[in-house]
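Under our numbering, residues 2 to 162 are what the sequence shown spells out, in order.
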Amino acid sequence: MKPLHFLSIFSVCFALLSANLSQAQTMQVPEVGAMLPSIVDVKPGKVTPVDGLWSISALDKVVRIDRGRIYAIEGWNHLLIFKIKPGMVVITPFQEEAPGVYAGQDLPLQGPLKAVLTGDRILDFTVAGALGEVRYQMIPQQLDDQDAFNTLIKEVRAAGR
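Quick look at the structure:
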């Protein structure tokens with residue numbers, strides 16, 4: 002094959018491939034609103050020392066822990082197509098089983114969860130989700146009662162966590 006002929010074929014293939022890639026970048030995956038309850042649909046429970054704004058580290062999104070429920074402050078896509086919107090409850094109930102140990106139901110992941118507060122002030126979550134075990138962490142951003150949280154951290158550290 003002549004070098005010029007090879008370059009012509011290569012140029013045409015490259016142009017076609019580039020056109021397909023540019024079209025692929027503009028295509029959007031359809032979004033469906035997640036079928037989750039709103040904050041007004043889930044009654045609050047009792048105040049906890051961890052109430053406040055927390056960041057889900059893997060998503061870099063903010064949620065609010067608020068009296069036994071956790072709801073989205075910032076929205077995100079779950080499993081690419083389900084849109085979680087601000088005000089949607091993502092965990093309920095969120096109840097303290099022991100100092101710094103919480104249990105509940107992760108609604109998007111569809112499974113029971115256990116959250117353990119560490120001495121480093123991080124909530125470690127483990128969810129037995131519908132698609133298998135999922136682990137993630139939440140980092141405090143702004144707590145409702147910093148003194149109560151600090152007292153809890155002292156208890157957690159005394160317990161060796």
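Using N, Cα and C, we set each Cβ at its ideal position, and we do this for glycine too.
For residue i, I'd like the list of residues in its chain whose CB is within less than 7 Å of its CB, leaving aside the five on either flank, ordered along the chain.
i	result
residue 129	112 and 113
residue 141	53, 55 and 122
residue 74	54, 63, 64, 65 and 87
Tell me which same chain residues have a C-beta within less than 8 Å of the C-beta of residue i, skipping the five on either side of it?
i	result
residue 153	50, 51, 100, 101 and 118
residue 47	68 and 69
Of the choices the options, whose alpha-carbon is the least far from that of residue i?
i	options	result
residue 138	70, 106, 60 and 86	60
residue 67	85, 77, 53 and 74	53
residue 131	97, 106 and 69	106
residue 69	161, 147, 97 and 116	97
residue 191	88, 58 and 63	There is simply no residue 191 to check, as the chain begins at 2 and stops at 162 in what is shown.
residue 94	75, 104 and 83	104
residue 120	84, 45, 155 and 83	155
Does the beta-carbon of residue i have 16 or more other beta-carbons within 10 angstroms, so that it is buried, or is it exposed?
i	result
residue 36	exposed
residue 71	buried
residue 91	buried
residue 158	exposed
residue 109	buried
For residue i, does the three-state DSSP call read helix, strand or coil?
i	result
residue 22	A caution first: residue 22 carries a pLDDT of 46, below 50, which makes its placement in the model unreliable, though a value can still be read off. DSSP places residue 22 in helix when its eight states are reduced to three.
residue 158	helix
residue 144	strand
Report all residues from its chain with a CB closer than 6 Å to the CB of residue i; omit the five preceding and five following residues, and keep chain order.
i	result
residue 150	50 and 144
residue 58	138 and 140
Segments assigned beta strand (DSSP E), at least 3 residues, entirely inside the stretch 93-138 = Listed in chain order, the complete beta strand (DSSP E) runs (minimum 3 residues) inside the stretch 93-138 are 102-107, 112-118 and 124-130.
Sequence ranges, beta strand (DSSP E) only - wholly within the stretch 43-77, length at least 3 = Counting whole runs of 3 or more residues, the stretch 43-77 contains the beta strand (DSSP E) stretches 53-57, 62-66 and 71-73.
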